[in-house]
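In terms of numbering that gives the first Met the number 0, the sequence shown is numbered consecutively and its last residue is 340.
All C-beta atoms, glycine included, are put in the ideal place defined by N, C-alpha and C.
Written out below as structure tokens is the structure these notes cover.
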Amino acid sequence: MAKKKRGMVLALSTMLFMTVMPVTASSAATMKIRLTTDGQSTYYQTIDKTVGEFFKTNKLAYDENYRVSADPDTALTDGMQITVVSPKKITVSAKGGSKVFTVETQCETIGQLMLELKKNTGVGYKTAEGRSSSEKIKDGDKIELREVREEIYTETEELPFSREEEKSEELFEGETKVVQEGVAGKRLITMKTIFYDDEQVDNYCIERKVVAEPINEKVLVGTKKKDGSGTLDFGKDLGSIKYTKAVTMNATAYCPCASCNGSWVGQPSTMGLKVQHGIVAVDPKFIPLGTKLYVEGYGYAIAADTGGAIKGNRIDLCYNSHSEALSSGWGHTNVKVYILE
Ligand SMILES: [Zn+2]
């Protein structure tokens, strides 16, 4: 019995040992990590908490050119596998071999490498003659590329002005007067030139922009005849009239009423025409009766009346009513009178 009891104690102590030991081991938290670099695996035992700590403890340093399967702050787990791919070292030769440099890259093809170079250095490249951008690259390759360079410049183009002519009664025929000097406009043309290495392969316009519109020259062209005749131009829609002479007269207004005509009220004009708008009184020695006129600010008229006070260059313009005559505003006002043919 006693012997049997002792055996039971031993068994119990073994059990105790067995149960206590794994607890001590798990508090140390030793983990097994498999690190595979370019296909070669190494096994590590570690108590580090994160991938970053693990690399630091084992003096492993990977710059941005390496591809690492886990971020430094990733928590380590037992049995974890971390994969590292070293960059390929590529020698690039550009500008016909006058520019050579090496790059470390994870790129798989020449095309990807060119995009990466453009992104990192700002310099564009294209493949050399006969090479394709889809070609795979491997560590130690020497790749010939052509540098693609753009040059942007601007040119100034002059925009010529045109000449606008306007007829003028103020000038004699054959005379001209510049009232607005012409000023050339300006256009900026932005050009782009493309070079492969140092060879220019394209040159084209990318923008045209007018920065100053031309200012047209404005010229008055005389129409006044030397003999005093001329043409009155009323504009495109209204046409024009020819006159033989233009004179400046002194104008007043009247109407058929008693206060305007005194004892002559109700009588026709000197020429026997009804006294109304279009009839004007003149000095027949200055303008013969019956002459057709055009009076500026009044209109077409016929010299058909006379008056006691109408002497020399005086002209009395007839209106249909006294109020119209008053509101017309003539009060010994200088007016241009055109004698029509
Ligand atoms: Zn009157």
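Please classify residue i: does DSSP put it in a helix, a strand, or coil?
i: C204; result: strand
i: M113; result: helix
i: N215; result: coil
i: E63; result: coil
i: L237; result: coil
i: G311; result: coil
i: V279; result: strand
i: T23; result: Legend: pLDDT at T23 = 43, less than 50; position of this residue unreliable, no value from coordinates given.
i: C259; result: helix
i: T36; result: strand
i: I188; result: strand
i: M270; result: coil
i: F171; result: strand
i: A245; result: strand
i: I46; result: coil
i: W329; result: coil
i: L158; result: strand
i: V264; result: coil
i: I286; result: coil
i: Y253; result: strand
i: T29; result: coil
i: Y318; result: coil
Should residue i be listed as close to ligand 1, given that the test is whether its C-beta is under 7 Å from any heavy atom?
i: S161; result: no
i: Y297; result: no
i: Y253; result: yes
i: S326; result: no
i: S258; result: yes
i: H276; result: no
i: H331; result: no
Assuming residue i is part of the beta strand (DSSP E), what are its boundary residues?
i: E52; result: Where E52 is concerned, there is no enclosing beta strand (DSSP E), although the alpha helix (DSSP H) it sits in stretches over V50 to T56.
i: Y337; result: T332 to L339
i: T76; result: Run containing T76: none; DSSP gives neither H nor E here.
i: K176; result: T175 to Q179
i: L292; result: K291 to V294
i: D226; result: Looking at the DSSP string, D226 is not in any beta strand (DSSP E), and its letter there is neither H nor E.
Name the two residues that bound the continuous alpha helix (DSSP H) containing residue i.
i: A300; result: No alpha helix (DSSP H) contains A300, which is instead part of the beta strand (DSSP E) from G298 to D304.
i: S322; result: H321 to S326
Any beta carbon from chain C within less than 8 Å of residue i's own beta carbon?
i: K241; result: Chain labels in this structure do not include chain C; a single protein chain is all it has.
On the premise that residue j lies in contact with residue i, defined as a C-beta separation below 8 Å, what is that separation, rounded to the nearest angstrom?
i: D70; j: V50; result: 7 Å
i: L75; j: I32; result: 6 Å
i: T251; j: G330; result: 7 Å
i: L219; j: S167; result: 4 Å
i: N57; j: Y43; result: 6 Å
i: V279; j: V294; result: 7 Å
i: V91; j: I142; result: 6 Å
i: K217; j: E165; result: 7 Å
i: E150; j: T120; result: Actually they do not touch by this definition, with Cβ atoms about 17 Å apart.
i: A302; j: T290; result: 4 Å
i: L187; j: V210; result: 6 Å
i: V83; j: L34; result: 7 Å
i: A324; j: C254; result: 4 Å
Any heavy atom of ligand 3 closer than 7 Å to the Cβ of residue i?
i: G221; result: Ligand 3 is not part of the structure shown, which contains ligand 1 as its ligands.
Item to check | Uninterrupted beta strand (DSSP E) stretches inside the stretch 86-156 (no shorter than 3 residues) | outcome: The stretch 86-156 contains these whole beta strand (DSSP E) runs: 87-93, 98-104 and 123-126.
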